[in-house]
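One structure is given here, and the rest of the page talks about it.
Residue numbers (the UniProt record's numbering): 1 to 116.
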């Protein structure tokens with residue numbers, strides 16, 4: 001089951017320049033500001049900046065669908081023909097992410113928050 005698109009991650013090459021741009025765009029300070037990830041919450045969206053994104057195969061912004069069972073949804077996408085780009089990975093606190101590429105080259109992310 002999906003709770004919809006709530007997160008988008010941008011691969012960035014210059015984190016400081018990207019922080020200045022997204023800070024100006026969103027009008028909020030980041031809730032997470034680390035050398036490996038900067039995250040903002042604005043207008044019900046989570047917007048992330050990943051300075052390692054290009055190295056992971058991200059070719060542009062990746063929308064992340066929030067799901068209740070990431071591994072199940074990931075297996076279903078791969079069975080439907082998606083190419084696995086990043087397998088399930090815990091990014092802290094039990095939050096799992098993964099992403100795939102569809103037949104047209106579009107990247108689709110999955111995100112599962114830890115059980116409450």
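Note that the Cβ used here is the ideal one computed from N, Cα and C, for glycine as well. Remember, it's a predicted structure, so these values are computed and weren't measured experimentally.
Practice item. Determine, using beta carbons only, whether residue 49 and residue 12 come nearer to each other than 9 Å. Key: yes
Exercise for review: State the Cα-Cα distance for the pair residue 110 and residue 104, rounded to the nearest angstrom.
Suggested key: Roughly 18 Å separates the two Cα atoms.
Review point. What is the residue span of the alpha helix (DSSP H) that residue 16 lies within?
Key: 15-26
Review point. Whose C-alpha, out of 95, 18, 107 and 10, is nearest the C-alpha of residue 67?
Key: Considering only alpha carbons, the answer is 95.
Practice item. Just mark residue 70 as buried or exposed, buried being the case when its beta carbon has 16 or more other beta carbons within 10 Å. Key: Here residue 70 is buried. Its C-beta has 16 or more other C-beta atoms within 10 Å.
Exercise for review: With DSSP collapsed to three states, give me the class of residue 12.
Suggested key: coil
Review point. Should residue 62 go down as buried or exposed, given a rule of 16 or more other Cβ atoms within 10 Å for buried?
Key: buried
Practice item. Pull up the DSSP beta-bridge partners for residue 61, would you. Key: Per DSSP, none; premise fails for residue 61.
Exercise for review: Grab me the residues of residue 54's own chain with a C-beta within less than 6 Å of its C-beta, minus the 5 sequence neighbours each way, in chain order.
Suggested key: 11
Check your understanding: What is the C-beta distance between residue 89 and residue 98, in whole angstroms, given that I count them as a contact (C-beta under 8 Å)?
Key -> The distance from the Cβ of residue 89 to that of residue 98 is about 7 Å, consistent with a contact at the 8 Å cut-off.
**Study point:** Endpoints, the beta strand (DSSP E) within which residue 42 is located
**Key:** Counting along the chain, the beta strand (DSSP E) containing residue 42 begins and ends at 37-42.
Check your understanding: Is residue 65 near the ligand ADP, judged by its Cβ being under 8 Å from some heavy atom?
Key -> The model depicted lacks the ligand ADP and carries no ligand whatsoever.
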